[in-house]
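Below is one structure, written out as structure tokens, with a few remarks after it.
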Amino acid sequence: MPEISNSQAPVQPEPSPPDGQQPAGAAAAEGSAIRQFLLLRGNSAIADRGFHWLMVLCALSIFGIVALIATELVVRSHLAWSQFGLGFFFKAFIDPYSKLPMYWDPVNGHFSALPFVYGTLVSSFLALLLAVPLAIGLAVFLTEMCPRMLRAPLAFVTELLAAIPSVIYGLWAVFVLVPLLREHVNPWLIKLLGWTGLFNDDNPTGLGFVSAGVILAIMILPIISSLTREVMNAVPGSQREAVLALGATRWEMIRMGVLRNARIGIVGAVILGLGRALGETMAVTMVIGNTPQIQRSLLASGSSMASVIANEYAEASGDLHLSALTEIGLALFIVTIIVNALARLLVWAVTRGAPAQVH
Amino acid sequence: MRTATDGLATGLAVLSTVLVVAPLVAIFVYLIYKGASSLSLAFFTQVPKPEGETGGGMANAIVGSAVLLGLASLIGVPIGISGGIFLAEFGRGTKLANAVRFTADVLNGVPSIVMGIAVYSLIVYQQKHFSAFSGGVALGIMMIPTVTRTTEEMLLMVPHAVREAALALGVPNWRSVLSITVKTASPGIITGCMLAFARVAGETAPLIFTALGNSNWSVNLNEPIAALPLQIYTYAISPYDDLHRLAWAGALVLIVLIVAAVSLVRYVTSRGVLKGAS
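If you read the protein sequences in the order shown, they are chains A and B. In this note's numbering, each residue's number is its place in the first sequence (first place is 1) plus 8. In this note's numbering, each residue's number is its place in the second sequence (first place is 1) plus 86.
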């Protein structure tokens, strides 16, 4: 608390040489008025210390929130954990009658998170595949190529993209994107890539992994691109000048001078985007189809970890069902904490020393 | 050859920029087109009609959102600003401050639905009923990390000389922080709070099983309450065209609020309003 002693220090020298003890004339009257004013306003070490600790307490509440989430999730998911153990995330049940694998059967109390883990991974991976090249392209354009005039509006536009609530993305996806994909893109995918078995023609709704992946890509683009931009801005200008001085073209300068220096931060930005994609709930819930199944086709409908929670939590049938859903939430919490921490560390490693920015 | 590669790379960068901007334009155009044609006075003054009937509005959802956001701000704004003051004024460079800053950033990335589960288990599960109160708490907790970080960034923009001047006059430290530093940065802090406000205004996931939604008029904190994003969600996945129109109108109202907040933040941070105030 160096500041506290600082604040006291100037008080003492203020009434220093002549008028300290001898009340003489107008100067002293003025001095005492100031002092009285200060005393009235609570000039005391106790107030200072109290204020300091209050602020510390509020800052510590951030840790409190993390601890609160963790304990609540652990306590509430204990039942499912003791019942299924770790197999909850990768084991299927065999239905005694049909001999087919079963995953999610709230009626008979069989729960396995496998299809949801699969759905989350597939949709997030698709999103990254689509978003990363575009985000890096946008960042390169904005930092290195863009005319100064266009820079601010384009940055603002991507910022807006990040601020749109996910339910509005979902609304748009349901009424515009999904029909568009269904009518124009999916038939083309089936025709061209049907032979891989990844694109089957048996889901007429258009709701599924591809739709979820595309809307997720649009949603994580701004975060990846704005962080990539920040990281690229942190690369010193002398790097660029040095490469250009060697006779490189602009692209070579960007590749060798900028991208190579910023690559760790860019990886961090991509991981942060992954974190967003893993936990994204509303838009995915609205377009993924919500069926707990694992199919090879990317056009098939599925379900993700977040979407099953959103769909079933409020109407969970019984404690075990609730507990199983909470365990999925706990897994989501742990994974996103790790992913975000990793991403922040990578971005910090590159931008350390660069001025703070408001996103 | 090298020039050709250069041209190709430039072309690809421009293309990706176009591909990024295109969906945004598409979303906005469609939203305004659909939303504006569905907005009416009834939207702001009436409660939803029973399913299948035409007409009705979202008055209950707008008021419900206002109640939830008011509650959330009561929780998130004071704690968040205080946390930011700690980071910028007391803890600068200390290990504790770095840990708080890092945790706030990580917490920002935790999916909002997880926050919903935690609040469900903390409040709804104990009380055995859904309530507006629990929804407000969930949103309030989500505001804290954002407000903390923006407050810190705004306070760091206040020149050091201002602080020193206050201290040199013998003003106690707590008063110098509150009525000099924070006051100087207040336009920035207020817009930072608005940004956090706008972000949680669109949050749906943590409300699904806390505030739950309500198709009737209710402002009781102990009962389920309607909220704009929740209503948009329910209407979007319903089979009725009329409800779809209401969802678009609701989305337009929500997005206007959010764009206003984001633009204001942009204006404050870019125009250096802070410098003018100091």
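The beta-carbon is built from N, C-alpha and C at its ideal position, and this holds for glycine as well.
Measuring C-alpha to C-alpha distances from E335 of chain A to each of A:W89, A:S106, A:V140 and A:V343 identifies A:W89 as the nearest. Neighbours of I266 of chain B in chain A, taken as residues at a C-beta separation under 9 Å, are lacking, since the least C-beta distance is about 12 Å. A distance below 6 Å between beta-carbons, with the five flanking residues on each side excluded, links D103 of chain A to the following residues of its chain, in chain order: M110. I311 of chain B is bridged by DSSP to B:L298. Against chain B, a Cβ distance below 9 Å from W180 of chain A picks out P109, A112, I113, Y116, L117 and A337.
Under the 8 Å Cβ criterion, the stretch 315 to 332 of chain A does not count as touching the stretch 92 to 110 of chain B, having fewer than three qualifying pairs. Under the Cβ criterion of 8 Å, V175 of chain A is counted among the residues facing chain B. Between L108 of chain A and A225 of chain A, the beta carbon gap of about 33 Å keeps them out of contact (Cβ cut-off 8 Å). Inclusion of F149 of chain A and F119 of chain A in the CB contact set at 8 Å is not warranted, their separation being larger than that value. Within the stretch 181 to 216 of chain A, the runs of alpha helix (DSSP H) that reach at least 4 residues and sit entirely inside it are, in chain order, 194 to 201. Of all residues in the stretch 273 to 299 of chain A, those with a C-beta nearer than 9 Å to a C-beta of chain B are L280, G283, R284, L286, G287, E288, T289, M290, T293 and M294, reading in chain order.
DSSP, read as helix, strand or coil, puts P161 of chain A in helix. Per the Cβ contact rule, the stretch 342 to 350 of chain A is not in contact with the stretch 157 to 174 of chain A (fewer than 3 Cβ pairs under 8 Å). Sequence-distant partners of V248 of chain B (beyond 5 residues in either direction) whose C-beta falls short of 8 Å from its own C-beta, in its chain, are I266, T267, T270 and S364.
Here the C-alpha atom of L332 of chain B lies approximately 49 Å from the C-alpha atom of W259 of chain A. Exclusion of the five residues before and after Y321 of chain B leaves L329, H330, L332 and A333 as the residues of its chain whose Cβ lies within less than 7 Å of its Cβ.
When only Cα atoms are considered, A41 of chain A and R237 of chain A end up about 54 Å apart. By the rule that beta-carbons nearer than 8 Å mark a contact, E139 of chain B does not touch chain A. For the stretch 72 to 85 of chain A, the beta-carbon criterion of a distance under 8 Å to any beta-carbon of chain B is satisfied by I73, V74, L76, I77, E80, L81, V83 and R84. Taking one beta carbon from each stretch, the stretch 302 to 313 of chain A and the stretch 113 to 127 of chain A have 3 or more pairs nearer than 8 Å; the two touch.
Of the residues assessed, S123 of chain B falls on the exposed side of the cut-off, its CB having fewer than 16 other CB atoms within 10 angstroms. Of the residues assessed, T289 of chain A falls on the buried side of the cut-off, its CB having 16 or more other CB atoms within 10 angstroms.
Judged by their CB atoms, A190 of chain B and P231 of chain B are nearer to each other than the 8 Å cut-off.
Interface residue (Cβ-Cβ distance to chain B less than 8 Å): M240 of chain A is not classified as such. Residue-level contact check: Y326 of chain B does not touch chain A, since none of the beta carbons of chain A fall below 8 Å from its beta carbon. Secondary structure of H86 of chain A (DSSP, three-state): helix. For the stretch 320 to 334 of chain A, the beta-carbon criterion of a distance under 7 Å to any beta-carbon of chain B is satisfied by Y321, A322 and T334. Below 8 Å, enough C-beta pairs join the stretch 211 to 224 of chain A and the stretch 168 to 182 of chain A to call them touching: three or more. In this structure the stretch 281 to 299 of chain B lies against the stretch 206 to 222 of chain B, because at least three pairs of beta carbons, one per stretch, are closer than 8 Å. Straight through space, the alpha carbons of I341 of chain B and A312 of chain B are spaced by roughly 18 Å. In this structure, T277 of chain B places its C-beta atom within 8 Å of the C-beta atom of L350 of chain B.
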